[in-house]
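Reading through the structure tokens given below for one structure.
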Amino acid sequence: MSSSRGSIMGVLSMKGGDGEHSYANNSEAQKSINSDAKLAVAEDVKEMIVEMGFPGCIKVADLGCSSGENTFLVMSEIVNTIIASYQQKGQNPPEIDCCLNDLPDNDFNTTFKLIPSFHEKLKMDVKEMCFVSGVPGSFYSRLFPSKSLHFVHSSFSLHWLSKVPDGLEENKTNVYLRSPCPPNVYKSYLAQFKNDFSLFLRMRAEETVPNGRMALTLVGRKALDPLSRDCFQNWSLLTDALLDLVSEGILKESDVESFNLPFYNPDENEVKEVIANEGSFEINNFETIFGLLFSYKTGRTEVKDDDGVDQPRAFEAASKRAKFIRSLVEPMLAAHFGDAIIDRLFDKYTYHLAQRYDTLRNKPTVNFFVSLIRK
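Read the sequence shown against my numbering and you will find it ends at 376, with the numbers running on by one and no gaps.
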């Protein structure tokens, strides 16, 4: 895959629509983590309103909104918190400008179809005070006028890089970091993350009012070693599935060697270092939210094989997880390898995941919630 920023921007959007493999129908994991973070987000909103003296208009931006119900679940929580905060202090509710941002190729249509439902759930006297708009573009660039945003939210977006890092020629058949890999591969990924996250903060610093807030949730890692096996199971199994297709003659090894994911899951220190060095925001809160690789329950009766693995449950859980991963990366994979191999690829992915189900089912996923205040 080309490492140019322009080529990535055209395929980095999640799988659109509302079909079986769409992001809209395979984002339960994100919903769960956002639910865990909602109290912290609400607290940020309340503090901001008081510090700003209950402004008459509040502009909220959700960056990397993708498509589906998750977008409006988060926005509803923010809007409801704003309204409740004003009512508790006997203040007239403000006008609320809700801006939904993602890349131009994002499936905004699926999201916009949910606007009537979003408005319907608001109280009658609030509906006419709440405005929703789409803002297509990369959040690694300027998106809004100077000092116009009061509250910025972004979840499950900032671990996606603006481009595939340069200098990955030695990564060979790995699609991401995998042990063993040359040290310069890790350094290239880390450098790209630092550049991108710093740029994101600099752009938002221009757009956010003083004392404005940002609430960010991103995939991270606890291990200081980026090659720890806990850090990249999703992508190492994708590599295995791709190499299966190479061994079957469906793909060329050179095609796999030229594909790398524009992704990086930082550790806590790496995130904090970029924020401190960029200098525009103060960390108000930093939390680690743990999930499970298989956040899936089944009512099946356990039928274990000779190794003690519940095979029906393993396959169902693996299939569900594979659909989740497919919803994230299918556009990228199809652009590089072609549409024809996608079904076969994720059959292989499901197989590898099911084989490792008993080992991985209690493995935690690591997510960071970061609350920032504009200085």
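Built from N, CA and C at the ideal position, the CB exists for glycine as well.
Source: prediction; values computed, not measured.
Check                                                                                                                                  : Outcome
Continuous beta strand (DSSP E) assignments of at least 3 residues falling wholly in the stretch 56-133                                : 58-64, 96-103
Environment of residue 129 [buried if 16+ CB atoms lie within 10 Å]                                                                    : exposed
Residue 148 vs residue 210 beta-carbon contact at 8 Å                                                                                  : yes
Identity of the residues DSSP links to residue 222 by a beta bridge                                                                    : 268
Integer Cβ distance of residue 365 from residue 291, believed to fall under 8 Å                                                        : 4 Å
Residues bridged to residue 293 (per DSSP)                                                                                             : 365
Buried versus exposed, by CB contacts within 10 Å (16 or more), residue 118                                                            : exposed
Continuous alpha helix (DSSP H) stretch holding residue 22: start and end                                                              : Residue 22 -> no alpha helix (DSSP H), and no H or E assigned at all.
Among 217, 271, 53, nearest to residue 37 - alpha-carbon criterion                                                                     : 217
Rounded separation between residue 197 and residue 279 - CA only                                                                       : 11 Å
Residues of its chain near residue 176, where Cβ-Cβ distance is below 8 Å and the 5 sequence neighbours each way are ignored           : 236, 239, 240, 243, 257, 260, 261, 262
The stretch 366-374 in contact with the stretch 247-257 per 3-pair CB rule at 8 Å                                                      : no
The alpha helix (DSSP H) enclosing residue 201, as first and last residue numbers                                                      : 184-208
Nearest neighbour of residue 58, chosen from 141, 87, 285 [CA to CA]                                                                   : 87
Under the three-state DSSP convention, the category residue 157 falls into                                                             : coil
When 254, 135, 374, 112 are compared against residue 284, the one with the closest alpha-carbon                                        : 374
Residue(s) in a DSSP beta bridge with residue 262                                                                                      : Beta-bridge pairing links residue 262 to no other residue.
Reference residue 154, options 255, 171, 17, 74, closest by Cα                                                                         : 74
Selection from 341, 295, 194 that minimises the alpha carbon distance to residue 33                                                    : 295
Own chain, CB closer than 7 Å to residue 67, minus 5 neighbours either side, in chain order                                            : 15, 24, 103, 107
Residue of 208, 348, 163 minimising C-alpha distance to residue 100                                                                    : 208
Contacts around residue 171, its chain only, beta-carbon distance under 6 Å, and the 5 residues preceding and following it disregarded : 183
First and last residue of the uninterrupted alpha helix (DSSP H) at residue 42                                                         : 29-52
Residue of 355, 131, 338, 169 minimising C-alpha distance to residue 246                                                               : 338
Backbone secondary structure at residue 15 - three-state DSSP                                                                          : coil
Assigned exposure category for residue 268 - 16 Cβ within 10 Å defines buried                                                          : buried
Cβ distance (whole Å) where residue 167 is taken to contact residue 189 below 8 Å                                                      : 6 Å
Best match in 90, 135, 82, 134 for proximity to residue 124 [C-alpha to C-alpha]                                                       : 82
Straight-line Cα distance separating residue 61 from residue 135                                                                       : 12 Å
Beta bridge counterpart(s) of residue 373 as assigned by DSSP                                                                          : 215, 284
Nearest neighbour of residue 346, chosen from 334, 357, 316, 356 [CA to CA]                                                            : 334
Under the three-state DSSP convention, the category residue 137 falls into                                                             : strand
Within 8 Å, strictly: CB atoms of residue 162 and residue 325                                                                          : no
Opening and closing residue of the alpha helix (DSSP H) in which residue 167 lies                                                      : No alpha helix (DSSP H) holds residue 167; DSSP gives it neither H nor E.
Residues bridged to residue 347 [DSSP beta-bridge criterion]                                                                           : Partner(s): none; residue 347 has no beta bridge.
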